[in-house]
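Input: a single structure, listed below in structure tokens.
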Amino acid sequence: MLRVSDLAKQYRRASRPLFSALSFAVASGEIVALVGESGVGKSTLLNCIAGLETADRGAIAIGPQALDIVALDETARAALRARSIGFVFQAFHVLPTLTVAQNIGVPLLLCGVPASEHTPRTQALLERVGLADFGPRWPASLSGGELQRVAIARALVHRPALVLADEPTGNLDPRTADEVLALLLERVREQQTSALVVTHSQHVAQSCDRILTLTPDGLSGCGRAGE
Amino acid sequence: MITMKGPQAGRMRALSQLSWWLIRAQFKTRRAATLLSMLAIALGVALGYAIHLINDAALSDFSRAMKSVQGDPDAVIAARDSAGSVPLATLNAIARDPAVLLVAAVIETRVRIDNAPTPVRLIGIDVFSAAAVMPDLLPRQDEQAAAPNILDGGVYASPALLAQLAQGAKGSQGKEGKDSGTRAGGTLKLLRGEQQWLATLAGDLPAARPDDLLLVADIAWVQARFGPADAVSEGRVRLAPDTDLASWRQAWAQRLPAGLLIRAADDDSARVSNLSRAYRVNLNVLALVALLTGTFLVFATQLTAVAQRSTQFALLGVLGLSPRMRLMQVLLEGVAIGVPGALLGLALGYALAVAFTQLLGGDLGGGYFAGSAPLIVPAPAPALLFLAFGCLASLAGASYPAYLNRMQPLAQALKTGFAQRPPADAAPTAQPRQSGQSGRSGQSWLARLPPRMPKLPLLLALAAFALTQLPPLFELPLAGYASIALVLVVGIASAPLLTQLLFGWLSAQPLPAPQRIALQNVAQAPLMAQVAASGLIVSFALTASMVIMVSSFRVAVDQWLDHVLPAPLYLRSKATPLPQDLLNALTQPDAPFAKVERMANAALTIDPQRPQVALLIREIEPRDPAARLPLTGPLLTPPAALPAVWISEPMAEIYRLAPAQTLRLPLLGREVPVFIGGVWRDYGRQFGAVVISRQDYQQLGGDFQPTDLALWPLPGQEAQASAWLAPWADRYGLEVADSATIRRLSLSIFDKSFAVTYALEAAAMLIGLFGLAVTLAASVWLRARELATLGALGFDRCMLSHAVMLEGALIAAVGLLIGLACGVAIGAILTHVVNPQAFHWRMALAIPWTAVCAGAAITLAAAVLASRYAARQATRLPVAQVLANAQ
Ligand SMILES: Nc1ncnc2c1ncn2[C@@H]1O[C@H](COP(=O)(O)OP(=O)(O)OP(=O)(O)O)[C@@H](O)[C@H]1O
Ligand SMILES: [Mg+2]
């Protein structure tokens, strides 16, 4: 579902590359945790995979058709994201001028799902994330935990091949964080979507299928979780 | 439209749904800014459209009026000199040409009826030929009344004249009790000079236009009483079918005597259009300025809208909204402002046009078209064109914000918000490595300015200067307008430079904390500061330049009036010669006047496509015309054989004449060589005037029939002089005015004709101030987190609001300073380039420093007030929420 090969990235004016030959793969339906020290480049890696940053070299194949996002132009990348990627951020980014239901419906609009399916699908996901009655509400009236559930629903509503989550619970208190993360993993498993989850929490990492550790020297510890 | 397949159409629908959500949200959250942008666009469209409608109506009305009296001949044979005539012999020769179907001869003169103040056109026609060429002038005999028919001396009045006569009769019935000639069968007393004739009203002119004051009689009847013998005023020619007008005209033009000309319909329309062309274009430029300020407001609104929603757009980008759609969305929002704005503008423009024509007539008080309010008829094509203008203006304003939105680096925008300029490595796929500018470092933007910055403004300023040296294009000051646009660009481009200087100096001063923050804020939001300053630069420059131009003009007119009104008293008869007995009485010793100067008027056609040139025959000392005429250059003495004339500045420029040249003047039925002895300033006759001395005119064989008098009462006898004139004025419908009154009247007409521009200036200033408030508020919003942090660190609201207000004052000061400089430059261009090229009015630059500086001070105060609006927003930010990062 995701295959990264020989990826290199260096920011301009940086003294050394963040990574120079990164290769790994995430199988279909597999949930992989990405851990590493602060500033090592986890977010950058995720952004490269989503096509938000451009890699200097290498290939990133995504989805059943294994399209190489590095080789695509900006418009094609956006289309690939709309179709195949769901994103969950640390800061719960939602559109403040759209209702909760509209927020969740945006990916459906962007990947051209027929209009008749929108309401049932967003409503179904709202129920799956425990916000059944929240559809018509405005984001400003939601708590952080609730907002992150909205973000999770939005990341999954268009049934992407790959979910990318960058410290999805970093801004939540430990108890809520556990709940939200459990929910995320549950829903991802349910949809048999692949996922790459950046986290600082050992606990979170443990509940994934596999842990990847990013260090300045490259990826290490590709073993299964708990090994 | 391309037909789309099912899924693609569905996708388009989905995207337009999303786009509609965003537009709606945008309008809801920024109602005031959006509405004002709409209004500004509406104002620009309304002005442009109203000017178009009014002018269109006035021109067609004017042409219709001309057609109604002149009919629809293929060509007109007329004298070049309004005092001249067409000899019957010539007319007969033309009538014998087999290519000519018929020639309708016409004699026209002006008479007064009883002692009515306004003269009436008396037109003598030959009913048989007139039927074919001038059907609107055909008289209708009143069968009820026992009046003679046209061949027996009956005269016929237009409906408007009949109404006027009836009105006058009602007014005078009390005194005289007799109904002189208000209906058929009645008798009319016609006066011209001191001569008078009685005529019998025999009917009306059913086809005459409702506001024409006309009297029609048989041509022989008119000729017998008013002359000219063996000649007529005009011959109106109908050509045989399939005669080629151009070649016929050319052949005859060579055979005609020099004093005659052949006019065709296209000359008439060209002349009518030339009449108000420059005035029209100037008004259109004003409309364009209004539209541009609309563009600026859309720009400021959309830029701040993009900045405020940068995280939202980045999020949409992450979710898969393509870059093209991010660009389109902002453009669509521009259209969503432009379309309703332009529609509103069309409606407003129509209402304005109707209101203005009712109030001022078809030339907005410009004095080109007399008569009643023309009918406003909107046509679909121009309406669509102006709709498109409005949308384009709005789109243009949205285009740079849309571009910035497309270029926002998504990952960074999500993390840190809006980037003020597109990233240096804007190319989306390839990222060449180069050590260049940083996207967003903590360093001040001032330090990052390339050192070659002053070069661009300097080059542009040179280009602007070069443009002012160019001659007019299509007789319009197009290069002048272009140079004005360039000056504004120079002003905007040099804003960073001045800011740099000002801030360099200020940051070296010891300042309290809020002031430091203000400085830092301006330095950190360069784009916003630039936008806010630009709005003020443009609006203040335009306003100041208009004030400077109008003031220079007014000072010049004032001085000019001094020069052209040397006598204390003036008397004139409108278009009919002064009665001889008055002229005789003035020479008697009992007349209380020390000196009387007489003047006669005529009109010469030099180019049939242009309005006529005034010929002023004056009792002027040929060796010292400067005593009466404000000469602009040297006075030259003519060679012995040639009479001297002095031409007005507009005439010199329109016909490219210079002193010492010999001009062939179409005078008295021939071409008379005259010597141009000098050029004098004239603000009164835009299409040119020639002065010739009475002696020379009479020596050339001219008949001097004075129409105007300049009178110098004996010292101490001013009151007696006025009393002496009063009965004459009453008896002959003459107009007497003292020079102070004429002066006051002229200046008040001047002020009235510039009243429209004052309203526009006020609107421009408001828009500039509003732009400042909007952009300041947005830049405050962008720094919400920063300001909230300061709040959390212990800055109180007062300090924050002072900081924001100081920021506004600083930006406004920079804007006003540059605006003032640009305003003086543009004022000079208007005075020295645009006015001379468009209207042939030259004048010295007179800058009203107190007014301009007071304006700047008021604007600065208003700017500080406007920043209070932004400051309130800053202090109202919910600190906790902002710091908690929930947007
Ligand atoms: N736009 C950028 N330009 C230049 N350098 C950047 C940019 N974004 C990130 N960096 C640098 O790249 C490195 C990796 O950043 P990244 O955000 O990927 O780290 P991270 O592993 O996600 O850290 P954290 O766990 O703290 O979120 C950091 O040293 C950072 O300073
Ligand atoms: Mg990170």
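Order-wise, the sequence lines are chains A and B.
Residue numbers for the first sequence follow our numbering, beginning at 1 and rising by one.
Residue numbers for the second sequence follow our numbering, beginning at 1001 and rising by one.
Positions of the beta carbon are idealized from the N, C-alpha and C atoms, including for glycine.
The structure presented is a predicted model; accordingly, all values stated were derived computationally and were not measured.
Relative to Val150/A, the option among Arg175/A, Val180/A, Leu162/A, Asp173/A whose CA is nearest is Val180/A. Val26/A and Leu1410/B have their C-alpha atoms roughly 25 Å apart. Taking 8 Å as the upper bound for CB-CB distance, Leu1745/B and Leu1571/B are not in contact here, some 15 Å apart. Counting along the chain, Asn171/A sits inside no beta strand (DSSP E), nor does DSSP assign it H or E at all.
Taken through DSSP and simplified to helix, strand or coil, Leu1198/B comes out as strand. Annotation for Arg1685/B: no beta strand (DSSP E) segment contains it, and DSSP assigns it neither H nor E.
From the beta-carbon of Thr199/A, no residue of chain B is found nearer than 7 Å; the closest lies around 18 Å away.
In the structure shown, the three-state DSSP call for Pro1206/B is coil. Excluding residues up to 5 positions away in sequence, Thr1187, Leu1188, Lys1189, Leu1190 lie with their Cβ nearer than 8 Å to the Cβ of Leu1198/B in the same chain. Legend: CB atoms of the region 108-126 of chain A lying less than 8 Å from CB atoms of chain B belong to residues Leu108, Leu109, Leu110, Cys111, Gly112, Val113, Pro114, Ala115.
Scanning Phe1296/B, Ala1287/B, Val1285/B, Phe1750/B for the CA closest to the CA of Arg1554/B turns up Phe1750/B.
Taking 7 Å as the cut-off, the C-beta of Thr44/A counts as close to a heavy atom of ligand 1.
With contacts defined by Cβ atoms closer than 8 Å, Gly1669/B and Gly1227/B do not form a contacting pair. Per the coordinates, the alpha-carbon of Val32/A lies some 27 Å from the alpha-carbon of Gly105/A.
Leaving aside the five residues that flank Arg1140/B on each side, the residues in its chain whose CB is nearer than 8 Å to its CB run, in chain order, Tyr1156, Gly1203, Asp1204, Leu1205, Pro1206.
Here the C-alpha atom of Leu1039/B lies approximately 9 Å from the C-alpha atom of Pro1340/B. Going by beta carbons, Thr1468/B and Val1045/B fall outside the 8 Å limit. In the DSSP assignment, Ile1811/B falls within the unbroken alpha helix (DSSP H) covering 1797-1829.
Pro1673/B has Arg1664/B as its beta-bridge partners, per DSSP. Set against 7 Å, the gap from the CB of Leu34/A to the closest heavy atom of ligand 1 is not smaller. Within the chosen limit of 7 Å, ligand 1 does not reach the beta carbon of Val1550/B with any heavy atom. Going by beta carbons, Trp1021/B and Leu98/A fall inside the 8 Å limit. Here Thr1109/B carries a strand assignment [DSSP, helix/strand/coil].
What His93/A touches in chain B, judged by beta-carbon distance under 9 Å, is Thr1311, Gln1312, Ala1314, Leu1315, Val1318, Leu1414, Gln1887, going in chain order. Using a cutoff of 7 Å, the CB of Ser220/A does not count as near ligand 1, since none of the ligand's heavy atoms is closer than that. Assigned with DSSP and collapsed to three states, Arg1238/B falls in strand. With the rule of 3 Cβ pairs closer than 8 Å, the region 1632-1640 of chain B does not count as touching the region 1603-1614 of chain B. For Arg1271/B, same chain residues with a beta-carbon under 8 Å away, outside a window of 5 residues either side, are Pro1608, Gln1609, Arg1610, Pro1611 in chain order. Across the structure, Val1547/B and Pro1848/B are spaced so that their CA atoms are roughly 8 Å apart. Counting along the chain, the unbroken alpha helix (DSSP H) around Asp1696/B starts and ends at 1694-1699. Short of 8 Å from the beta carbon of Ala1726/B, and not among the five residues preceding or following it, lie these beta carbons of its own chain, in chain order: Val1736. Judged by beta-carbon spacing, Val88/A lies beyond the 8 Å limit of Thr122/A, meaning their Cβ atoms are not closer than that value. Leu1816/B is positioned such that its CB atom lies no closer than 8 Å to that of Ala1828/B.
Ala1602/B is bridged by DSSP to Leu1615/B.
DSSP places Glu53/A in no alpha helix (DSSP H); its state is neither H nor E.
Listed along chain A, the residues sitting closer than 7 Å to Gln1017/B by beta-carbon distance are Leu109.
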